[in-house]
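Asker: Its first residue numbered 11, the sequence shown is counted upward by one per residue in our numbering. Just so it is clear, CB atoms sit at the ideal spot from N, CA and C, and this is done for glycine as well.
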Amino acid sequence: TFLLLIVRMLAYMWRIYILSDKKLNLKSSFQIITIWEFASAITPSVIGGTAVAVFLLTKEKIKLGKSTSIVLITAFLDELFFILFAPILLLTVGIPNMFPDHSDLFEADELLSNIDDSHLKTSFLIGYLILLTYTILIGYGIFLKPNSVRKLLYRVFSIGFLKKWKRAAVRTGIDIVTTSQELKHKPKSYWVKSFFATVLAWLGRYLEANFVIIAFMGYGDQLIMFSRSFVMWIIMMIPTTPGASGIAEGAFIALFKDMIMDMEALIPFFWRAFSYFPYLIIGVIFLPRWIKRVYDVK
11 TFLLLIVRML AYMWRIYILS DKKLNLKSSF QIITIWEFAS AITPSVIGGT
61 AVAVFLLTKE KIKLGKSTSI VLITAFLDEL FFILFAPILL LTVGIPNMFP
111 DHSDLFEADE LLSNIDDSHL KTSFLIGYLI LLTYTILIGY GIFLKPNSVR
161 KLLYRVFSIG FLKKWKRAAV RTGIDIVTTS QELKHKPKSY WVKSFFATVL
211 AWLGRYLEAN FVIIAFMGYG DQLIMFSRSF VMWIIMMIPT TPGASGIAEG
261 AFIALFKDMI MDMEALIPFF WRAFSYFPYL IIGVIFLPRW IKRVYDVK
């Protein structure tokens, strides 16, 4: 599991190195990814570290337009990976295996007693449709009609009850146009390498649950575990708590109860120990060092 953590970091570093047109060195890439992950860990899931990432890149002497493009395309690649792989897993392992019903195991637990496979399916479907819509919209804007998407966002979010999100929508529209201009003439290798790095990073993230469960239980269907990680991470994108704290552990137990049995306190803790806590620690360590370097503090 620790090796998977390293794989994730290296894959993210490689991706940002490619997306920056190789302008970031090893040290800069490591510190940016570290602080980006740290920002995502201490902010609600619906916010993430996007704004922080743009700031980090601009301080690395990458122009604002280019920085915005890098952050937007990383989000696009992340969602593209999910919407492509999730249906494949669903067809491979089947709905009952991907959305287990453990309600009979939760009868004694007030917090989890109302969880069944329908709740998991609903949460997953809502999250998947949101990501699918976002990916199609961003993809169409970046590669085909950026100005049309910008105008569409402006008109849609000018409607009465949507006006409170109008500023963010307008900003997104401008970012799409900027990104489209930045990426016009990129070769195929740019996209192939970036997406491959994305796949590596997310495989490392999703397989952490497999490795932790196997370490304690010594058995389990790897493919089913992997497919349930897809459901778990989409549920974790919805919460408003920092790093999906509380929700993540509950989702883990809800999905893997039949595999972890009476170790529902220990195994989720170790899973979070590898998937969440390291970013809090290394973020605290490397944030001051990054500030000292970019601001030339003696």
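Could you give the C-beta distance for Ile-26 and Leu-15, rounded to a whole number, given that I count them as a contact under 8 Å?
Answerer: In fact, because the Cβ distance is near 17 Å, the residues do not count as touching under 8 Å.
Asker: Once DSSP output is grouped into helix, strand and coil, what is the label at Pro-110?
Answerer: coil
Asker: What is the DSSP secondary structure of Pro-54, reduced to helix, strand or coil?
Answerer: strand
Asker: Should the segment 261–276 be regarded as contacting the segment 195–209, the criterion being three or more beta carbon pairs within less than 8 Å?
Answerer: By the Cβ test, the segment 261–276 is not in contact with the segment 195–209, since fewer than three Cβ pairs between them sit closer than 8 Å.
Asker: Counting C-beta neighbours from all protein chains within 10 Å, is the total for Thr-78 16 or more, i.e. buried, or is it exposed?
Answerer: Thr-78 is buried by the Cβ-count criterion.
Asker: Check for me: the alpha helix (DSSP H) holding Asn-220 runs from which residue to which?
Answerer: Boundaries of the alpha helix (DSSP H) harbouring Asn-220: 198–227, taken from the DSSP string.
Asker: Please state the DSSP three-state secondary structure of Ala-275.
Answerer: coil
Asker: Counting only beta-carbon atoms, is Tyr-229 nearer than 8 Å to chain C?
Answerer: Absent here is chain C; the protein component of the structure consists of one chain.
Asker: In chain order, which continuous runs of the alpha helix (DSSP H) of length 4 or greater are located wholly inside the segment 122–189?
Answerer: 127–153 and 156–166
Asker: Would you check if the segment 79–93 and the segment 140–159 touch, i.e. whether three or more CB-CB distances between them fall below 8 Å?
Answerer: yes
Asker: Along the alpha helix (DSSP H) that carries Asp-88, what are the first and last residues, could you check?
Answerer: Residues 74–103.
Asker: At the level of alpha carbons, what is the spacing between Ile-295 and Ala-63?
Answerer: 17 Å
Asker: CB of Ile-83 to nearest heavy atom of the ligand FAD: below 7 Å?
Answerer: Because no ligand of any kind appears in the structure shown, any question about the ligand FAD cannot be addressed here.
Asker: Give the DSSP-derived three-state secondary structure of Ile-68 in the structure shown.
Answerer: The amino acid at residue 68 is misidentified as Ile; the sequence shows Thr. Correct three-state label for Thr-68: helix.
Asker: What separation, rounded to the nearest whole angstrom, lies between the Cα atoms of Leu-36 and Ile-45?
Answerer: 14 Å
Asker: Using the beta-carbon count (16 or more within 10 Å), is Ile-244 buried or exposed?
Answerer: buried
Asker: Identify the continuous alpha helix (DSSP H) that holds Ser-237 and give its terminal residues.
Answerer: 232–246
Asker: Taking contact to mean at least 3 C-beta pairs separated by less than 8 Å, is the segment 97–110 in contact with the segment 162–177?
Answerer: no
Asker: Going by alpha carbons, who is nearest to Ile-234 out of Met-23, Thr-102, Lys-161 and Phe-40?
Answerer: Thr-102
Asker: Going by the beta-carbon positions, is the gap between Ala-21 and Leu-290 smaller than 8 Å?
Answerer: no
Asker: Mapping the DSSP letters down to three states, classify Thr-11 as helix, strand or coil.
Answerer: coil
Asker: Could you check where the alpha helix (DSSP H) with Tyr-305 kicks off and where it finishes?
Answerer: Element bounds for Tyr-305: n/a, residue is neither H nor E.
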